[in-house]
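Everything below concerns the one structure shown next.
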Amino acid sequence: MTSPVDTTITTTPSRADEVHPLIADHLEGDADSDDPPASELTVEELRQMDAESPLSSDLEIPIERVSDDTVLGPNGEIPVRQYEPRADRSQSSPSIVFFHGGGWISGSIDTHNRVCRKMANVTGYPIVSVDYRLAPENPFPAGLLDCYSVLEWVSNSAAELGVDPDQTIVMGDSAGGNLAAATALLARDRDGPKVAHQVLIYPAVGDARTSEAYKQNATGYDLTADIVDMIYELYTDSDIDDANYYAWPRKANDLSGLPPATVLTAGFDPLRDDGALYAERLRKSNVSTSFSNYEDLTHGFFAMIGDPIDIEKVHQAYRDISERLHAQFDSQ
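Numbering (full-length UniProt numbering), first residue to last: 1 to 332.
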């Protein structure tokens, strides 16, 4: 008989008294808008809103090379975008496979272009960003299988890509954090490609709806409880899938043998405690885990590195991730 999954947090991450002033200004502008709440939009309208969001705009951060390609997946071609940070990098460097956020129903390699350009430049590692299939047209496990297929492609194409197949990092924000965690689990269970590190940025790895963070941050911020409820329902389309720990990594009984993890959360985020609990369970499973909670930031802060919101501590978060990765890989 398997033991019940631990669902308690020893120390609940804190929330600042007030949200960061630059985010507060942004939220005030949203409140003055006549646009309907995101939770009242159709999936197509949500996708359009995400694509047109100023936080999804291309900052045109200079980088050596960006190129688009496709990878053969379980259901056809998977679009990917490759970011090469510099021409003179080592041809056996670590690499990052990046999975965008958007609640599994929205987002793309375009909406996260600024994030990938920034991360490639800060780390010096090439990135492959994955345009996986979206729900509800393609519910779980379609997107996950696409992500895993690209991980396999990076491993099998390591020499051509100029990367070390034993130093692959999976990274994602929000739903992409879920997919990064699930990809690491899948690679472990299938004895698949080596995942050397997982970076989970305000990840949606379990049911956050019973947490203090979900209650604290139900309304007033870009990610609301209503939106969380909606995307949960759209991602899985059966009770069997909903019980699957590849859909919700926090439901896994055994987290041992997973790669080192870096987990980031935001104080004003309904998913805050979800990520915190997963980080704590990883530590209890003897997985080397770094956890950082940004008390005055909101869900989506990783894009706040330029117009219309530019926050220095977010730039520092990129540098902190890079330092942790280099501390691991530079010594190997």
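C-beta atoms are modelled at their ideal positions from N, C-alpha and C, and glycine is treated no differently.
For residue j and residue i, the rounded distance between their alpha carbons
i, j, result
"Ala16", "Ile201", "19 Å"
"Ser292", "Ala317", "9 Å"
"His326", "Met119", "13 Å"
"Asp146", "Gly192", "14 Å"
"Arg65", "Ser90", "15 Å"
"Ala175", "Ala225", "15 Å"
"Val228", "Gln82", "30 Å"
"Pro85", "Asp34", "41 Å"
"Ile78", "Thr70", "5 Å"
"Lys215", "Asn244", "25 Å"
"Thr236", "Asp242", "6 Å"
"Pro21", "Thr219", "18 Å"
"Leu27", "Ala266", "16 Å"
"Asp239", "Ala181", "21 Å"
"Pro62", "Thr210", "43 Å"
"Trp153", "Gln198", "18 Å"
"Lys251", "Asp110", "31 Å"
"Arg278", "Ser285", "A small correction: the amino acid at residue 278 is Tyr; Arg does not occupy that position in the sequence shown. Using only the alpha carbons, I get a separation of about 10 Å."
"Leu55", "Phe302", "10 Å"
"Val57", "Ile309", "Checking the displayed sequence, the identity of residue 57 turns out to be Ser instead of Val. Those two C-alpha atoms are separated by around 11 Å."
"Leu72", "Asp269", "36 Å"
Of the listed residues the options, nearest to residue i (C-alpha basis)
i, options, result
"Thr12", "Val314, Leu325, Gly275", "Gly275"
"Gly76", "Gly143, Val97, Ile105", "Gly143"
"Phe98", "His112, Ser92, Leu271", "His112"
"Gly102", "Phe268, Tyr278, Leu277, Leu223", "Leu223"
"Ala247", "Leu55, Ser155, Gly206", "Gly206"
"Tyr132", "Val122, Val150, Tyr125", "Val150"
"Tyr148", "Leu277, Asp30, Leu59, Leu179", "Leu179"
"Gly107", "Ala213, Asp173, Met304", "Asp173"
"Glu18", "Ile305, Glu312, Thr298", "Thr298"
Close beta carbons around residue i, own chain, < 6 Å, minus the five adjacent residues each side
i, result
"Gln167", "Pro94, Ala196, Phe329"
"Arg324", "Thr262, Ser290"
"Ile127", "Tyr83, Ile96, Phe98, Cys116, Ala120"
Cut-off 7 Å between Cβ atoms - residues of its own chain near residue i, not counting five sequence neighbours on either side
i, result
"Ile105", "Val43, Leu46, Leu134, Ala135, Pro136, Ile231, Leu234"
"Ala204", "Ser174, Ala175, Gly177, Asn178, Leu271, Asp274"
Contact test: residue i Cβ vs the ligand SAH heavy atom, cutoff 8 Å
i, result
"Glu160", "Although the ligand SAH was asked about, the structure shown includes no ligands whatsoever."
Endpoints, alpha helix (DSSP H) assigned at residue i
i, result
"Asn121", "113 to 123"
"Val150", "142 to 156"
"Ile227", "225 to 235"
"Ser322", "312 to 329"
"Val43", "43 to 52"
"Gln216", "212 to 216"
"Asp35", "Here Asp35 belongs to no alpha helix (DSSP H), and DSSP marks it neither H nor E."
Per DSSP, the bridge partner or partners of residue i
i, result
"Ser290", "Thr262"
"Asp173", "Ile201"
"Pro79", "Thr70"
"Ser93", "Val163"
"Ser106", "None; Ser106 has no bridge partner."
"Thr168", "Ser95, Val195"
"Ser129", "Arg81, Phe98"
"Gly306", "Ile309"
"Phe268", "Thr298"
Spatial neighbours of residue i in its chain, beta-carbon cut-off 8 Å, leaving aside the 5 residues before and after
i, result
"Leu282", "Leu255, Leu258, Ala261, Val263, Thr289"
"Pro37", "Thr224, Asp226"
"Ile169", "Pro94, Ser95, Ile96, Val97, Tyr125, Val195, Ala196, His197, Gln198, Val199, Leu325"
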